[in-house]
Amino acid sequence: MLVHFGYAKRCVVGLAVCFLVAALMAGCEQLPGDVLVTPTPIPTPVPLPKAVHQIERGDIVDSVTLLGLVDSLQRVNLSFRIGGRLNGFHVEPGDMVEAGQLLAELDVGFLPHELAKAEKQLEIARLRVQAAQGAKELALAEAQATLDLGRLALEQAGSGAEDADIARLELAVAAAETKLALLADQHDREIALYQAEAELKAIDVEMLQDRFEQAQLLAPFDGVVRYTDGEAGQLVAEYAPVMGLAAPDALEIRSSLPSEEELPKLRTGQAVTILFRDHPQREVTGQLIQVSTSSDGEDGLPIRVEFDAPDLALEIGALADLRIVVERKEGILTIPNVAIHSYFNRRYALVKEGESTIEVDITLGVTDGERTEILAGLEEDEQVFER
């Protein structure tokens, strides 16, 4: 009985699958009223003719172009010698300043009052020294007068005076001499004490003055403020740069690093053609004086160029286009860069040979960005196709 039931079940499932397939096939048939549309054929693409160039001789100047900024040869970053809270700046970027001018200062609290008090105390100590010196002169003058009177009395007594009187006068003279010597020593010690106190007061004043000066930034030379870093109330660490100053009368040009391919081409001493954006009608010649191998230099601008153009009104920060000539070759075989083909490390050209085209491996030299030197692989007047 179980076997017959399973067989009946399989038959039902089979009939259901047949009905489903029939329905799907009926859906694929064309319905009444439908119109069959013939698809538009896709035309076969016709390759565009490639431009043909001729291998010819010419001159190539290999150069590196950079964008630079006019800067100063004499530049300093200014910082406070002590840490503290910034009281504020007295100048702004771009301001011209004079040597010794106050540029910025820290909050010094009651330091000015402490300095004024110490200066008064020093003045009092010095007056004491002067008073002690005057007292010494007066006391010594009085003691000297007493001694002179005693000697005079002894001299006037003569040989007719009694021995007791002469002895008394001699003792008076000796006492006056002793007093004179003792007074000089006593006053000298007192003056030395007052002088030592005055020296201590002078040290206090010097320390307070130095502390006050450490909390000030003064311009070391005439120049222009390049930048300021910080604001009033901000805590500033000792020797942390807060301002830059540059002398505007000695200028140079700084630039960032070129590409990794161009950097090895640069050497100090190479000629540089300079075109200032503010003076496009004037071309200036300069010289490469520094080429750093990283951007860790000052301001991250490791390329430095010196130039001489005293008749141009240039400002720090002005833009300049630099062209550094690396190598110049004349009368060499050249190929347009658009006709150079590459595949991984292979360089080749499509050379026209009759009605056919062949691939020829080529060895390249210097380039100016438009044409490249042919070292091997091609001959003059051969025709090559663009990429």
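Numbering follows the numbering used here, in which position 68 of the sequence shown is assigned residue number 61; successive positions increment by one, without gaps.
Beta carbons: idealized from backbone N, C-alpha and C, even for Gly.
Assuming THR266 and ILE282 are in contact, meaning their beta carbons sit under 8 angstroms apart, how far apart are those beta carbons, in whole angstroms? Within the sequence shown, numbered from 1, the residue matching residue 266 stands at position 273. Within the sequence shown, numbered from 1, the residue matching residue 282 stands at position 289. Wrong, their Cβ atoms sit about 15 angstroms apart, outside the cutoff.
So GLY93 packs on ALA225, CB below 8 angstroms; how close in whole Å? For the purposes of this step, residue 93 is identified with residue 100 of the sequence shown, where counting begins at 1. For the purposes of this step, residue 225 is identified with residue 232 of the sequence shown, where counting begins at 1. Contact doesn't hold; Cβ gap of about 23 angstroms is too wide.
Flag this pair as yes or no: are the beta carbons of ILE246 and LEU315 separated by less than 8 angstroms? Looking up residue 246 in the sequence shown gives position 253. Looking up residue 315 in the sequence shown gives position 322. A contact, by the Cβ cut-off of 8 angstroms.
Work out the CA separation of ALA311 and VAL277 for me, nearest whole Å. In the sequence shown, the residue the question calls residue 277 occupies position 284. In the sequence shown, the residue the question calls residue 311 occupies position 318. Each residue's Cα considered, the two are about 14 angstroms apart.
Neighbour-count burial assignment, LYS426, 16 or more Cβ in a 10 Å radius: Outside the shown range of the chain (-6 to 380) lies residue 426, about which nothing can therefore be said.
Within its chain, find whatever has a CB closer than 7 angstroms to the CB of LEU343; leave out the 5 residues flanking it on each side and keep chain order. Here residue 343 refers to the residue found at position 350 when the sequence shown is read from its first residue. Within the same chain, LEU343 has close Cβ partners HIS334, THR350, GLU352, VAL377, PHE378.
Cβ of LEU210 within 8 angstroms of Cβ of GLU98? Within the sequence shown, numbered from 1, the residue matching residue 210 stands at position 217. Within the sequence shown, numbered from 1, the residue matching residue 98 stands at position 105. A contact, by the Cβ cut-off of 8 angstroms.
So is the beta-carbon of ALA146 under 7 angstroms away from any non-hydrogen atom of the ligand PLP? Because no ligand of any kind appears in the structure shown, any question about the ligand PLP cannot be addressed here.
Taking the alpha helix (DSSP H) that GLU460 belongs to, which residues open and close that run? Residue 460 lies beyond the stretch modelled for the chain, which goes from -6 to 380, so this question has no answer here.
Should ALA125 be labelled buried (16 or more other beta-carbon atoms within 10 Å of its own) or exposed? Locating residue 125 in the sequence shown gives position 132, counting from the first residue. It is buried - the Cβ of ALA125 has at least 16 other Cβ atoms within 10 Å.
Sorted by chain position, which residues of the same chain lie with C-beta nearer than 7 angstroms to LEU140's C-beta, five sequence neighbours on each side aside? Within the sequence shown, numbered from 1, the residue matching residue 140 stands at position 147. Around LEU140: VAL166, ALA169, GLU170, LEU173.
Candidates VAL84, ALA136, GLU112, GLU323: closest to LEU201 by CA position: In the sequence shown, the residue the question calls residue 201 occupies position 208. Among VAL84, ALA136, GLU112, GLU323, the Cα nearest to that of LEU201 belongs to GLU112.
Span of the beta strand (DSSP E), counted from its first residue to its last, around GLN283: Indexing the sequence shown from 1 puts residue 283 at position 290. GLN283 -> beta strand (DSSP E) spans 276 to 284.
Nearest CA to the CA of GLU130: which residue from ARG204, HIS180, GLU49, GLN67? On the sequence shown, residue 130 is found 137 positions in, with the first residue counted as 1. The candidate whose alpha carbon is nearest that of GLU130 is HIS180.
Limits of the unbroken alpha helix (DSSP H) element including LYS342: As a working mapping, residue 342 is identified with position 349 in the sequence shown. Going by the sequence as given, residue 342 is Ala instead of Lys. ALA342 -> not in any alpha helix (DSSP H); beta strand (DSSP E) instead, spanning 339 to 346.
With a 10 Å radius around its C-beta and 16 neighbouring C-beta atoms as the bar for buried, classify GLU375 as buried or exposed. The sequence position of residue 375 within the sequence shown is 382, counting from 1. Counting Cβ neighbours within 10 Å, GLU375 comes out buried, since at least 16 surround it.
Quick check on ARG380: does DSSP put it in helix, strand or coil? In the sequence shown, the residue the question calls residue 380 occupies position 387. In this structure, ARG380 counts as coil in the three-state DSSP scheme.
Alpha carbon to alpha carbon, what distance is there between ALA109 and GLU389? Shown here, the chain extends from -6 to 380; a query on residue 389 therefore has no answer.
By how many angstroms is the C-alpha of ASP242 removed from the C-alpha of ALA306? In the sequence shown, residue 306 corresponds to position 313, counting from 1. In the sequence shown, residue 242 corresponds to position 249, counting from 1. Roughly 11 angstroms between the two C-alpha positions.
Residue range of the alpha helix (DSSP H) that includes ALA132: By 1-based counting over the sequence shown, the position of residue 132 is 139. ALA132 -> alpha helix (DSSP H) spans 104 to 150.
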